[in-house]
Amino acid sequence: MNEDFPWDYLLEYIEDGKVVPILGQELVQADYLGRHVSLQRLIAERLAEREKLSVNWTPWFELNDAVGAYLEKPQTRLAGLYDRVGSLLKGLSPPFPVPPALKQLAQIRRLELFVSLTFDSLMARALDQVRYGGQPVTREIEFSLNQSTAAQTEALLPRSNAAPVVFSLFGRAGGKSDFAIHDEDQLEFIHRFVSGDVPPPDWLLSELRNSHLLLLGTHFPDWLGRFILRAATRDRLRVAQRAYFSAGEATPSESTLPEFLRRFGRETEINLYAGTAAAFVAELHERWLERNPETSRVEASRPDADSRGASIFISYGRENLNEVERLHACISALGGDVWFDKVELEPGDYWERKILPQIQRDVRLFVPVISERTAQRLRTSEGYVFQEWSEAFKRKRRMPGRKFIMPVVIDADYTGDLKRYQALYDVFPDLQEVQPGHAPGGKPDAALETSLVEEIRAMRREDAR
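See below:
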């Protein structure tokens, strides 16, 4: 059925660094609690159960279906629904696993820029697990309708060869109502993307419009699919000289898009794979390894983060993820071997087997992140972050005279007044023994940077003995 699919051309384009994968919800499937399910379907079902909704399910549009059913109820508003969807995603126990197809894509190391059409961080997790032994190296950028100045500044930084990039076109769930959960959201995101009201980074547009696109499980209403392809193309589709490679389970609602491309993509190379996106990725991965056997040898010999450990451990609440990602990047740039867990888990088997031993024995500098949001959270949550702090202070008491804990305040308006964090100091009185450093928005100030450099140099001198 796929005998004529141009695998060699696609592999050559990838080897030349000229392919950008566009990842849809069909790829975000995995075995979870005894069933094979997509993350979108799982969240949609739990939303329907929580809101007592009767939903007519459409394959690959389940969350939109659930939101539509919700809006049919009298006196309902969308305002709080984003938080509920984000809460459902965050509250999955166990967390949703990284799908095998994403790990296979991550092993194709010449793929460096990914565009995600889902609001999770699974592709970034796959890249970090496969390429960096679990270290959070991948750069995540999300398009946002109400982007903060700090987020805009971060997004404008050009892509470097130091880390792959995952760009979330429809936002990323993270406690804000700024990610797409239904068709009208997606329409607004795309409108803002192409209108310039919220300008996307120039480097991103340039890479998208000068690369061949690999569309994997990208299910859209037909009209939106056409609009997205046009937004990612410099010229009109009928004259654009580029290649599209597409794979995904066919549905009746999307059947006209391939015909549209065949009819109007006169100068465009259109290559359709008959089969699921996961099957396509599995075959692409196999063919890549045949052409690049050294890839499998490198990955097989790479130690994972748990066996390797890290010298500096950042302990934080999920509410501070954006700032902590920036803090991690800054400490790494100073030469620190630093690690933090991007996926916040409740205490359990993983935490007890993997994270707890690092705090108890392995890490040499423990960095608890303090913010007003964390102090407020302490009153309502017993998240694992606070158990990490307890374990760290227990270890500190066995290490008199040695700096082991370096608290960092990330609130930009912090002026040295610690009363606003009194809830934290009441529960962790040992914090009073250490003056916290300041990293506004996650970027260390001069004093904190000097302290970090001193600690990193001390670790290196200790290792050299």
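Following the UniProt record's numbering, the numbering of the sequence shown begins with 1 at its first residue and continues without gaps. Ideal Cβ positions, reconstructed from N, Cα and C, are used throughout, including at glycine.
1. Would you list the one or two residues that DSSP bridges to HIS212?
2. Once the 5 residues before and after PHE393 are set aside, which same chain residues still bring their CB inside 6 Å of it?
3. Considering only the alpha carbon of each residue, which of GLU26, GLN432, GLN387, ARG242 lies closest to GLY317?
4. Go ahead and label THR374 buried or exposed: buried means 16 or more other beta carbons lie within 10 angstroms of its beta carbon, across all protein chains shown.
5. According to DSSP, what are the bridge partners of ASP31?
6. Taking Cβ positions, are ALA247 and ALA277 nearer each other than 8 Å?
7. Find out if the Cβ-Cβ distance for the pair GLY171, GLN25 is shorter than 8 Å.
8. How about PRO407 and ILE370: are their beta carbons less than 8 Å apart?
9. Which residue spans inside the UniProt domain "TIR" (312-422) form an unbroken alpha helix (DSSP H) run of at least 4?
10. Just tell me which of ASP413, PHE193, ASN271, ALA423 has its CA closest to the CA of TYR9.
11. Would you tell me roughly how many angstroms separate the C-alpha atoms of PHE114 and VAL363, rounded to the nearest one?
12. With a threshold of 8 Å between beta carbons, is PRO100 in contact with chain B?
13. Using 10 angstroms around the beta-carbon of GLU433, count the other beta-carbons present and answer buried if the total reaches 16, otherwise exposed.
14. So is HIS285 buried or exposed if we call it buried at 16+ other beta carbons inside 10 Å?
15. Could you name the residues that DSSP lists as bridge partners for GLY275?
16. What is the rounded straight-line gap between the Cα of SER87 and the Cα of ALA439?
17. Between the segment 329-340 and the segment 449-456, can you find at least three pairs of beta-carbon atoms closer than 8 Å?
18. Whole angstroms are fine: how far does the CA of ARG131 sit from the CA of LEU111?
19. So which of LEU53, SER211, TYR273, ALA48 has the shortest CA-CA distance to ASP4?
20. Does the distance from the C-beta atom of VAL165 to that of ILE181 stay below 8 Å?
21. Inspect the beta-carbon positions of LEU39 and PHE96 and report whether they are closer than 8 Å.
22. Give me the Cα-Cα distance between GLY80 and ASP185, rounded to the nearest whole angstrom.
23. Tell me which same chain residues have a C-beta within less than 7 Å of the C-beta of ASP411, skipping the five on either side of it?
24. Can you find the residues in the same chain that come closer than 6 Å, C-beta to C-beta, to VAL409, ignoring five residues on each side of it along the sequence?
25. Which of helix, strand or coil does DSSP assign to PHE189?
26. Buried or exposed for GLU207, please, with buried defined as at least 16 other CB atoms from any protein chain shown within 10 angstroms of its CB.
27. Measure the alpha-carbon distance for ALA446 versus LEU452 and round it to whole angstroms.
28. Only counting the same chain, and skipping five residues up and downstream in sequence, which positions put a Cβ closer than 6 Å to that of GLY336?
29. Taking C-alpha atoms, which residue in VAL98, VAL137, LYS52 lies nearest to THR76?
30. Under three-state DSSP, which class holds ARG302?
With the structure as the only source:
1. VAL19
2. Taken in chain order, the residues that qualify are ASP430.
3. Here the closest residue by C-alpha is GLN387.
4. It is buried - the Cβ of THR374 has at least 16 other Cβ atoms within 10 Å.
5. HIS36
6. yes
7. By the CB criterion at 8 Å, GLY171 and GLN25 fall outside the cutoff.
8. yes
9. 321-333, 372-378, 384-397
10. ASN271
11. 32 Å
12. This model lacks chain B altogether, as it is built from one protein chain only.
13. exposed
14. buried
15. In DSSP, GLY275 forms no bridge with anything.
16. Between the alpha carbons of SER87 and ALA439 lies a gap of roughly 27 Å.
17. Because the criterion of three Cβ pairs below 8 Å is met, the segment 449-456 and the segment 329-340 touch.
18. 12 Å
19. In terms of CA proximity to ASP4, TYR273 leads the group LEU53, SER211, TYR273, ALA48.
20. In this structure, ILE181 does not lie closer than 8 Å to VAL165 by Cβ.
21. yes
22. 15 Å
23. SER371, GLU372
24. ILE370, PRO436, HIS438
25. helix
26. buried
27. 10 Å
28. Same-chain partners within the cutoff: ILE312, ILE456.
29. LYS52
30. A caution first: ARG302 carries a pLDDT of 38, below 50, which makes its placement in the model unreliable, though a value can still be read off. DSSP, reduced to helix, strand and coil, places ARG302 outside both helices and strands of the structure shown, so it counts as coil.
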